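Down below is the structure, laid out as structure tokens.
In the working numbering, the protein residues as written are 1 to 449.
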């Protein structure tokens, strides 16, 4: 099994999971970044406070600065201060200006605020050209990310659920589409549309579902052929039985009227045997077609079998000639005596039946690669080229030129073909021609060694 569906599902799931994590991470990081920045108005307010503190500090108004800071603290309910700092080296290399100028006591107003921390950060607004800064713990009203918890829940629960639902829908659609197509084909088949093709409904799909559809098509084709064949067989059998039954009715009417001559009784016996043979052959044909058995458990000697069949045929058709050219021996290891014998007998009797009186039927056999080839050639009128395959169908009719009494081919050739198939053999027909003129029919039988 190729497991194409397995790899498709793995690819869909893997792609979906990677896309899920990527989309969530991307949206969450961008949303968090946008929500972590202070509002522009709040930034301007903090800068204005820093400027006011710087002005009071530069003017040397320490009391005014204390008063202003106290009022701001009460107003915003937060912590505020003005502090100076200085970086003094204790040991090691000398510190350059980067250390003193780049040292911070708090966060700049344009920095992002961590939304995960419980306490508000200390914001620093440094005074110009001095190591003094205005420090304030960010007031609660200015803290960004008011709806961060809801957004976090959205990204951690709601969005994954939506994306997983979409992934599930993709998987569901990928699996259900061929199942619905198969259900459609099954429904049409159940309504008698035997030529339905589930594989065609699936288009170019190539996975386990297409393999299942192909298996269904093969099953539907075989069942459809069997149903159609059985219907045709029943119709043909009914037609074939009509004539002997009519003759029986006529003979029985004669008996009722007191006519019990030997000829009438012979007619009844003959028609009864004919009907019985038709029924038996039909049952055998139905068994061979439905069960398709393998009858290859016996070893047989083909030459001996042909000798017996030829002798029987000479006795049954004394007014025809039978010319045979057979090897000394032909052993078949895995075959069936009854199936091979009945098949060859049916073909031989068919050839004798359509060969004119005093004309000959030739039977030859030779060994080919892995098989024995038996050719039975009659001197009848032949069969039109377009019907050379159809004559192996039950009760097939060409026209009255081939069937001397106007009847069909019956079941003989149909049985022969299926019996040979049961032992691994085959049969085909072709017209025997001389100088472009049809002079008979050649039946070629292939039986594996």
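Where a beta carbon is used, it is the ideal one built from N, C-alpha and C, also for glycine. These numbers were taken from a predicted model, which means no experiment stands behind them.
{"Item": "Taking the Cβ atom as the reference point for each residue, do residue 449 and residue 370 lie within a distance shorter than 8 Å?", "Value": "yes"}
{"Item": "Whether or not the stretch 372-380 and the stretch 341-361 are in contact is what I'm after, with contact meaning three or more pairs of Cβ atoms, one per stretch, closer than 8 Å; do they touch?", "Value": "yes"}
{"Item": "Return the Cβ separation of residue 53 and residue 134 in integer angstroms, given the expectation that the two are a contact with Cβ distance under 8 Å.", "Value": "4 Å"}
{"Item": "Would you decide whether residue 382 is buried or exposed? Buried here means 16 or more other CB atoms lie within 10 Å of its CB.", "Value": "buried"}
{"Item": "List, from N- to C-terminal side, the beta strand (DSSP E) runs of 3 residues or more that fit wholly inside the stretch 311-351.", "Value": "321-325 and 331-335"}
{"Item": "Opposite residue 426 in the DSSP bridges: which residues?", "Value": "446"}
{"Item": "Which runs of the alpha helix (DSSP H) at least 4 residues long sit entirely within the stretch 9-89? Give them in chain order.", "Value": "40-58 and 62-76"}
{"Item": "Can residue 418 and residue 285 be called in contact, C-beta distance under 8 Å?", "Value": "yes"}
{"Item": "On the DSSP bridge list, what partners appear for residue 455?", "Value": "Because the chain spans 1 through 449 in this model, residue 455 falls outside it and cannot be assessed."}
{"Item": "Bridge partners for residue 134 per DSSP, in chain order?", "Value": "82 and 125"}
{"Item": "How big is the Cα-Cα spacing for residue 436 and residue 355?", "Value": "19 Å"}
{"Item": "From which residue to which residue does the beta strand (DSSP E) around residue 94 run?", "Value": "Careful: residue 94 lies outside any beta strand (DSSP E) and carries neither H nor E."}
{"Item": "Compare the C-alpha of residue 45 against each of 118, 434, 72 and 35 and name the closest.", "Value": "72"}
{"Item": "Since residue 5 and residue 209 are thought to touch, with beta carbons under 8 Å apart, how far apart are those beta carbons, to the nearest angstrom?", "Value": "7 Å"}
{"Item": "Determine the DSSP secondary structure at residue 224, reduced to helix, strand or coil.", "Value": "helix"}
{"Item": "Is residue 322 near residue 331, with beta carbons less than 8 Å apart?", "Value": "no"}
{"Item": "Can residue 64 and residue 56 be called in contact, C-beta distance under 8 Å?", "Value": "yes"}
{"Item": "Which term fits residue 40, buried or exposed, when burial requires 16 or more other beta carbons within 10 angstroms of its beta carbon?", "Value": "exposed"}
{"Item": "How about residue 28 and residue 148: are their beta carbons less than 8 Å apart?", "Value": "no"}
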